[in-house]
Amino acid sequence: MGATVIKAAQAVGIEEKPEQKKPVLPGEVEKSIALGRSALIRNQKKAAINLARISKDSDRVRNHIVDEGGLGPLIQMTHSKSLEVQTCAVKTLAELAKTSNNRQKMLENGAILPLLEGLKHKSYEVRGAAVAGLGQIGRLEEARFRVIAEGATQGIVKFLLEGDKDNSLEDEIMCLETIYQLSQHPKNHTRMVKDNILPALFDVVHSSLKSNKHKTLAMKTISELCKHEGNHKKIMDFDQQSGIKRIIKLCEYYHDAVRIYAAKSVEFLAVNPFLVQKLTEEGVRTLHFCASLESLTRKYRYRSWIL
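So this is what it looks like as structure tokens:
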């Protein structure tokens, strides 16, 4: 049942029955992987659908799929002639990346490439699964650098800007989480700005249509990008030199998490002597800023639920 139908059903008081979870049977993983190696589309479909289902079960099952050699057939199935097989295969790779023990193996076995290719897929569902998978595998520091070095930023930003789907707000949250995850590698800071990430992030933090969770994730990423001095001039020059003004304005935003990451951005920008003068001209006073940051940080420690 689609998201719109579910919402309509809830509105008239009809409860949607939770989907019953089928147990993973003994030998089911091995059988599905064997079917996935077949060149026959009907066998690939059975394998892809089954692996997509059982990969949602637990870390133990996801580990088992990888340990039994499931990555090879899944990577192969992302190039299947069947769209259904492609979709299930990319979704399964994204699920497998949720388990920490799998990420290094996925990196070593070439599982990042089909996720990167998925960003350019004609199917919105495949693109979404690819973004989610890159966010999960991006929890591995080595993978973060690889993903951005391969040029993933533009594809992820393009997905973020696709807002015509029923579940687009949830997908945007997932996409912003992926962007933040990937931004945490110091070598990615300048590359992501070079790949034009700033307009999308500033659009989110200043949009009246986005939730505070959206704004917080976007501001966290901007704060992360401000750590690199190589980005300071580009942030200052953004949108006719309004970048700093936009960040300063957000230091007075009503939501604590957005405010603290805006203040942290100012803190990172203030290491640049030229920007100290610019920040002062824009009305930021060092003592007032430090007091505000200290107060916010203290308050924020006890209010982690705001994220």
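One point on numbering: in the working numbering, the residue at position 12 of the sequence shown is 941, and numbering is uninterrupted. Ideal Cβ positions, reconstructed from N, Cα and C, are used throughout, including at glycine.
Rounded to the nearest whole angstrom, the CA to CA distance from residue 951 to residue 985 is 11 Å.
Annotation for residue 1118: 1112, 1153, 1154, 1156, 1157, 1159, 1160 place their beta carbon closer than 8 Å to its own, counting only its chain and skipping 5 residues before and after. A distance of 8 Å or more separates the beta carbons of residue 973 and residue 1026.
Within the segment 1031 to 1100, complete alpha helix (DSSP H) segments of at least 4 residues are found at 1041 to 1047, 1053 to 1066, 1070 to 1078, 1082 to 1089, given in chain order. Pairing residue 1103 with residue 1060, the inter-Cα distance amounts to about 8 Å. Restricting attention to 1070, 1052, 1175, the CA atom closest to the CA of residue 1136 is found in 1175. In the DSSP annotation of this structure, the continuous segment of the alpha helix (DSSP H) that includes residue 1172 starts and ends at 1172 to 1179.
Closest in C-alpha terms to residue 1150, from the list 958, 956, 1187, 962, comes 1187.
Pairing residue 967 with residue 998, the inter-Cα distance amounts to about 14 Å.
DSSP places residue 950 in the coil class of the three-state scheme, outside both helix and strand. Of the candidates 1053, 1144, 1083, 994, the residue whose Cα lies closest to the Cα of residue 1124 is 1083.
Between the alpha carbons of residue 1075 and residue 1037 lies a gap of roughly 12 Å.
Taken through DSSP and simplified to helix, strand or coil, residue 1138 comes out as coil.
Collapsing the DSSP output to three states places residue 1005 in a helix. Residue environment analysis places residue 1203 among the exposed positions, since fewer than 16 neighbouring C-beta atoms fall within 10 angstroms of its C-beta. Taking every protein chain shown into account, the CB of residue 991 has 16 or more other CB atoms within 10 angstroms, so this residue is buried. Minimum Cα-Cα distance from residue 1070 among the listed residues 1115, 1081, 1056, 1052 corresponds to 1115.
1100 is the residue among 969, 1100, 964 whose C-alpha sits nearest the C-alpha of residue 1088. For residue 1190, the secondary structure class from DSSP, reduced to helix, strand or coil, is helix. For residue 997, there is no enclosing alpha helix (DSSP H), as DSSP marks it with neither H nor E. With contacts defined by Cβ atoms closer than 8 Å, residue 1086 and residue 1034 do not form a contacting pair. Of the residues 955, 1054, 1163, the one whose Cα lies closest to the Cα of residue 1121 is 1163.
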